[in-house]
Each structure stands twice: as structure tokens, then as C-alpha cells.
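Just below is one structure, and these are the notes that go with it.
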Amino acid sequence: MTASTIPHLVDHASLIVHGPDQPGIVSEVASLVTRNGGNIISLDQYSDDASGGAFFQRIVMHRPGLAAALPEIEADLDATLAPMGLEWRLRDMSEPLRVAILASKSDHCLLDLLWRHRRGELPVTIPMVISNHTDVAEDVRSFGVPFFHVPSQQGPDKSQSEAEILKLVQGNVDFLVLARYMQVISSDFLTKAAVPVINIHHSFLPAFIGAGPYRKAKERGVKLIGATAHYVTEDLDEGPIIEQDVVRVTHADTAADLQSRGADVERAVLSRAVTWHAQDRVIRHGNHTIVFNS
Numbered sequence: 002m003t004a005s006t007i008p009h010l011v012d013h014a015s016l017i018v019h020g021p022d023q024p025g026i027v028s029e030v031a032s033l034v035t036r037n038g039g040n041i042i043s044l045d046q047y048s049d050d051a052s053g054g055a056f057f058q059r060i061v062m063h064r065p066g067l068a069a070a071l072p073e074i075e076a077d078l079d080a081t082l083a084p085m086g087l088e089w090r091l092r093d094m095s096e097p098l099r100v101a102i103l104a105s106k107s108d109h110c111l112l113d114l115l116w117r118h119r120r121g122e123l124p125v126t127i128p129m130v131i132s133n134h135t136d137v138a139e140d141v142r143s144f145g146v147p148f149f150h151v152p153s154q155q156g157p158d159k160s161q162s163e164a165e166i167l168k169l170v171q172g173n174v175d176f177l178v179l180a181r182y183m184q185v186i187s188s189d190f191l192t193k194a195a196v197p198v199i200n201i202h203h204s205f206l207p208a209f210i211g212a213g214p215y216r217k218a219k220e221r222g223v224k225l226i227g228a229t230a231h232y233v234t235e236d237l238d239e240g241p242i243i244e245q246d247v248v249r250v251t252h253a254d255t256a257a258d259l260q261s262r263g264a265d266v267e268r269a270v271l272s273r274a275v276t277w278h279a280q281d282r283v284i285r286h287g288n289h290t291i292v293f294n295s
């Protein structure tokens, strides 16, 4: 057992299955788990169309001696599910995913994740925080997390800054979180990073783009403010949505009140998105997601 192992999840595995819906999937998967000495302790599934649609399933199973048995289980999964056109992924849940957090000057989402991690509420390890400013450096180090300063370049070409970040994260993390990291991520960076990237941003009805969104929201008299956590794609702020939430506001709230309440929602939404991703509860399908969060 390593120092980063999650003790209560030793010998627990998550199994994600998805592909064309057809009769017999549930039976085949359950039989596979049983013949490999496993016991299903949690199961969620969804079909978007019972006739020719797509099928999605998440299983958590317990199998004594899981680590040694994984190669055999994986071989059985290949032999059983590939002929059915199904894709799968199996992961030892006792080994937490590694996440690097990218931040700028705003610290509310960053510090909330670090605080939740210290309390054992996030099933991840955080090998590093990277920021284009030094404002949060001391706060990050107070959590015992390494801090790296990578200044952003001026102008649209961020290739040098992105190259420095890639040197830090490639091979060292399983996903990235943009905790109010106020830089646009290039498609080249996403390709080279080759890991999922989760972003958080404010959500208004209607949306207010650019500087001073809370001031603009106040001027329009919005009644709902909120936040959206989503996967980052080449299309800015149009990736698959993981989680959203809103809070009601009134005419009596100032722009500062809106910003404060918006920060609360952002913290909650991002922490849920990170947790669900780390627990293999999110399945990406095209430009949307299936989230088993029960």
C-alpha cells in the first residue's frame, strides 16, 4: 500500500462500459464480474434509446487481491465486450488520480479545492499548482503543495508559456483543473497535454461576455447567477458540461454582492465536478456527458 492509496477503497475497482445498446449487456458484465471473483456493490446505467441507442454503465466492484487480478480481468473484458462493440475502462479506485491546478489572481476556487483535499473530501492527489501570477504562492505552499510560477506571454501567442506548463504536467498528472485560470488554452496545448481539462466559469441568464460581468449583470437586473463546470475543448467555453448550479438574487444585491454569491456557486460546482471526474462518474459522449452522481 502506497502513501497515496485511499485505504477504504483498497480492492475496489470502477468499471465504465459504453457503446451501442443491445440485449444482454447487463448480464454479460455481471457474469464477467462474478467469474473473476468480484462482487458488484454499486451499479448505474442509462440508455438514450432502447432501440438502437447508446448504452452507458458504471459499476463499482470489490475483488480481494484486485491489483494482482487486474490483468486477467482486463483480458476477459476485451474478449467479452469487444465483440459486442463496447468500450470499457477499468481502474483501481484506491489509487487516486493526480490533478494539477492552474490559477491566476483569483483564489476562491483554488483554495477551496486545496482545503477540501486537505480534509480528505477530494479523492485526488495534487502534485502541483501552476499560476501566471505569484499572488497565491504562499497560500498554496501553506497546504504543502508545490507552486510553480509560469508567466503568461503578452499577445495571442502563448506557445512559450504553454510549453513550460507542458514540461511540468506531461506524464505527471491525470487531469488538469482551471481554477479561474484567466488564459485561453490552445488546441495545440490540449493535444499535447493529452489529459482531460476541467474549467469553471460564471453563468448568467443572459450571458455577459468580457470584463465586468457582475456589473453588467447588475445593470440588466438579473435574477439568477450561477456557474458551469465543463471539459475544455478547442471551442472556447463550449465543451461538455459536467455540473451547473444557480442562486437567486434580487434588485437589492449590489454588483459586489453578486460577485460574492457567484464565487460561492463557483466553488461548489467546481468541487463537485472534480470529485465526480475523479470517481469515474462522468462519461463523455459527443459534446455532452452522462453523470452518475447518485
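Count the sequence shown with my numbering and you get residues 2 to 295, in order.
We put the CB at the ideal spot given by N, CA and C, even for glycine.
Here E244 is buried: its Cβ has 16 or more other Cβ atoms, across all protein chains shown, within 10 Å. If you check the CB distance, L179 and V151 do not come in under 9 Å. Taking a C-beta distance under 9 Å as the contact criterion, I17 and R59 qualify as a contact pair. For D258, same chain residues with a beta-carbon under 8 Å away, outside a window of 5 residues either side, are V250 in chain order. DSSP places H231 in the uninterrupted beta strand (DSSP E) bounded by L225 to Y232.
Taking the Cα positions, V196 is about 16 Å away from D236. For the set F176, A83 and V185, the Cα lying nearest the Cα of S153 is the one of V185.
By alpha-carbon distance to H203, the top candidate from E267, R216, F176 and G211 is E267.
DSSP places V11 outside both helix and strand once states are collapsed to three, so it counts as coil. Taking all protein chains in view, the Cβ of I210 is surrounded by fewer than 16 other Cβ atoms within 10 Å, so the residue is classified as exposed. DSSP, reduced to helix, strand and coil, places D49 outside both helices and strands of the structure shown, so it counts as coil. If you draw a straight line from the Cα of H63 to the Cα of R99, it comes to about 22 Å. Between the alpha carbons of R119 and A212 lies a distance of about 33 Å.
The DSSP assignment places 88 to 93, 98 to 104 and 125 to 132 as complete runs of the beta strand (DSSP E) inside the stretch 59 to 140, in order along the chain (cut-off: 3 residues).
DSSP lists T229 as the bridge partner or partners of H202. Taking C-beta separations shorter than 6 Å and ignoring five residues to either side along the sequence, the partners of W89 in its chain run V18, L78 and L82, following chain order.
With 16 or more other Cβ atoms inside 10 Å of its own Cβ, N133 counts as buried.
In this chain, H286 is not harboured by any alpha helix (DSSP H); it is covered by the beta strand (DSSP E) spanning V283 to H286. Residue state for L169 is assigned as helix, using DSSP reduced to three classes. Using a Cβ-Cβ distance cut-off of 8 Å, the stretch 46 to 59 and the stretch 108 to 119 are not in contact, since fewer than three pairs of beta carbons, one from each stretch, lie closer than that value.
Here the alpha carbon of Q23 sits roughly 32 Å from the alpha carbon of S95. By alpha-carbon distance to S187, the top candidate from F57, D158 and F205 is D158. The residue from P128, L191 and K219 with its alpha-carbon nearest to that of S5 is P128. In this structure, the beta-carbon distance from R181 to A104 falls below 9 Å.
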